[in-house]
Amino acid sequence: MHHRTVAELMTRNVVRAPRDMPFKEIVRLLEDNDITAVPVVDELDRPMGVVSEADLLRKSSAQPDPSGRTPIPHLEAWDRAKAEGTRAEELMSAPAVCARPEWTVVEAARLMAVQNVKRLPVVDETDRLQGIVSRSDLLRIFLRRDDAIHDEITGDVLRRTLGPAAEQVTVEVHEGKVTLDGSVEVKMMIPVIERLCRSVDGVVSVSEHIAYRTDDPRRFPTGA
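Encoded structure:
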């Protein structure tokens, strides 16, 4: 099975900000390129952090309300320092949370979830910026056609990977939702088939209606 990598999904022509870029130039950079965040790089083009619209808005939220209706919010020392920043390296969220080009979609998505970030700068083995991958980039795998998913499951999963153990299993795919029918010799094969199908890029869900002849693992087919 071929799993799409970050290198295949990332944006390669990355807009970046040097560490000393002034506040207003960052705002203009975002506006001119219709983006909401930009990686901040050092002199060797290594990501130091990411500055986003949310980071920049701290500047406004820390100012007194001209109407007097809302008080100035309490900010921690580090948050206030960012609100008072004037250059990219003072305004950015750091350190940069980065991905590698060879990572799978699963690896990148899990890092985004754990770190609660919306995008990952992608770096090579020397930590130089190669691209950037966003949540929307990772979601593109779910645009795969149903027939492509069907062919990968029947060809790569059932025939080439599982062989005779799954030769009686049939597959239907609709809007990324996979339905498995048929039968197998041994019950323990069913979760194996289901797990492999779920790992195929573009699969939204898997439901199975697979019958089995025995739950004795000693009858496991030798060709699997």
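My numbering applies: residue 3 is where the sequence shown begins, and numbers increase by one.
Even for Gly, the Cβ is constructed at its ideal location relative to N, Cα and C.
Item	Value
Using a Cβ-Cβ cutoff of less than 7 angstroms, which residues in the same chain neighbour Pro-24 once the five nearest sequence positions on both sides are dropped?	Thr-88 and Arg-89
Alpha carbon to alpha carbon, what distance is there between Val-119 and Ala-96?	12 angstroms
Find the nearest neighbour of Val-208 within the set Arg-215, Thr-216, Glu-196 and Tyr-214, judged by alpha-carbon distance.	Glu-196
Quick one: using the 10 Å Cβ neighbour count with 16 as the cut-off for buried, is Glu-127 buried or exposed?	exposed
How big is the Cα-Cα spacing for Leu-31 and Glu-104?	29 angstroms
Determine the contact status of Thr-106 and His-5, defining contact as a CB-CB distance below 7 angstroms.	yes
For Arg-14 and Asp-149, I'd like the C-alpha separation in whole angstroms.	29 angstroms
For the beta strand (DSSP E) that contains Glu-187, what are its first and last residues?	179 to 188
Work out the CA separation of Gly-157 and Val-202 for me, nearest whole Å.	12 angstroms
From the DSSP secondary-structure annotation, give me the bridge partner or partners of Ala-51.	For the sequence presented, residue 51 should be read as Gly rather than Ala. Gly-51 is bridged to Val-42.
Return helix, strand or coil for Thr-156, following the three-state DSSP convention.	helix
Is the segment 131 to 147 touching the segment 35 to 49, taking contact as three or more C-beta pairs under 8 angstroms?	yes
Here's a check: name, in chain order, each residue in its chain whose Cβ is nearer than 8 angstroms to the Cβ of Tyr-1, leaving out the five neighbours to either side.	Outside the shown range of the chain, which is 3 to 226, sits residue 1, and nothing can be said about it.
Runs of 3 residues minimum, wholly inside the segment 122 to 174: which ones carry the beta strand (DSSP E) assignment?	131 to 136
Determine the contact status of Leu-11 and Asp-139, defining contact as a CB-CB distance below 7 angstroms.	yes
Under the three-state reduction of DSSP, which class applies to Arg-6: helix, strand or coil?	coil
Going by DSSP in three states, Pro-24 sits in which element: helix, strand or coil?	strand
Taking the beta strand (DSSP E) that Arg-215 belongs to, which residues open and close that run?	207 to 216
Does the Cβ of Asp-57 have 16 or more other Cβ atoms within 10 Å, making it buried, or fewer, making it exposed?	buried
Can you list the alpha helix (DSSP H) stretches of 4 or more residues lying completely in the segment 82 to 111, in chain order?	90 to 93
Measuring CA to CA, which of Leu-160, Val-108 and Ala-98 is closest to Gln-170?	Leu-160
Classify Pro-166 as buried or exposed, calling it buried when 16 or more other Cβ atoms lie within 10 Å of its own Cβ.	exposed
Between Asp-218, Ala-168, Val-205 and Gly-204, which lies nearest to Ile-212 when the distance is taken from Cα to Cα?	Ala-168
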